[in-house]
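Student: Its first residue numbered 1, the sequence shown is counted upward by one per residue in UniProt numbering.
Backbone N, C-alpha and C fix where the C-beta goes; we use that ideal spot for every residue, glycine too.
The following block contains the structure, expressed as C-alpha cells.
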Amino acid sequence: MYAEERQSKIVELVLARGRVSVADLAQEFQVTNETIRRDLKVLERLRLIRRLHGGAIPISSLPAIESGLDERDHSRAKEKERIALKAKAFLPQPGGTLAIDAGSTTAKLVEFIAPDTQLTVLTHGVPIAARLATVPGLDLHLLPGKVRTTTQAAVGAVTVQAISKLKLDVVFLGTNGVSVENGLSTPDPEEAAVKRALVKCARKVIVLADSSKLGLTATVGFAELDEIDMIITDAESPVLPIKVLEDYGIEVLIA
C-alpha cells in the first residue's frame, strides 16, 4: 500500500472512530509506529486530523478560538477577499435592505460596495460602519450596544432588541465554526445572541467563511445548518464536504 492510500484510510478511521492510537494504526496497517507518526504529521499539516500524544482525533473536535480583530484581518486575507468579491453578487437590488455582521471576512465585503449603491445597511461592527460611512449612496445604521474590545462589535440586550424589530432582505454573516453537530458557533455568548437575532430577521442568510472554519466548533451555537441559505467559502473542506452541507439545503459557492 502506498503512503497516500494509507493516509487516506487513516483519515477515514479517525473520522469514524473519533480517536485512534498510533499503536492500533500500526497494527492495522502492518507498519511501524514511526511510519504512522510520520503519516499523522503529514495529515496534520494538511489540516485533516489533529495529533495528540499517542494518537489522533478529527480536526472538527478542536474548539474554535476567538482572536483579536487585527489578527483576523491579516489571517487568510487573500481567501477572504475572494469570498467577499463573490458575495458582492448577492447584494440586494437598489432600495433593498441588508445587515453586515461584525467580522474580518464580512468586513472585506465593504471594499466591493460601489459608491453609488442605493441600499439601507445595518451593522453592529464599528469598523465596518466607519468604512461604510464613506459610501454616499447608502442609508447606514449603526446598531446600538456595548462595544467589545476583542471584535469591536456592539453587543448586548439593546442590540438584540433593535434587530428583533427588523425584517431584512439579506444578512451577510460571519462565524468561527461550522459543523454538522453544532451548526454555526462563536466563542462569545453575547455575540452569539446578536448573530442569532440576525439569522431570525433575514429573508436570506449568507455565511461568509473561509474553509478553515468548516468542521470547527466554538463555544456557543447560534444557528442550525438548515437555517442557512448559502455559504461562500474559498475551498472545499475534507472535514466538512460540500455534499454534506448541500444535504441540509445550503447552497455552497467556492470563490
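Report the CB separation of V121 from L143 in whole angstroms; it is logged as a contact under 8 Å.
Tutor: In fact, because the Cβ distance is near 11 Å, the residues do not count as touching under 8 Å.
Student: In three-state DSSP terms, what is D169?
Tutor: Note: D169 maps to strand in three-state DSSP.
Student: Is it the case that the Cβ atoms of I228 and V205 are separated by a distance below 9 Å?
Tutor: yes
Student: What is the DSSP secondary structure of E191, counted as helix, strand or coil?
Tutor: Correct three-state label for E191: helix.
Student: On the three-state DSSP scale, how would you describe S185?
Tutor: strand
Student: For the stretch 113-139, list the beta strand (DSSP E) runs that are entirely contained and at least 3 residues long, ordered along the chain.
Tutor: 120-123
Student: Buried or exposed for Q161, going by 16 or more other Cβ atoms inside 10 Å?
Tutor: exposed
Student: Taking the alpha-carbon positions, what's the Q7 to L43 distance?
Tutor: Near 7 Å, if we compare the C-alpha coordinates of L43 and Q7.
Student: Run through the DSSP bridge pairs and tell me what S164 is partnered with.
Tutor: Partner(s): none; S164 has no beta bridge.
Student: Closest to R76 by CA distance: which of V31, Y248, R38, T233 is it?
Tutor: The candidate whose alpha carbon is nearest that of R76 is T233.
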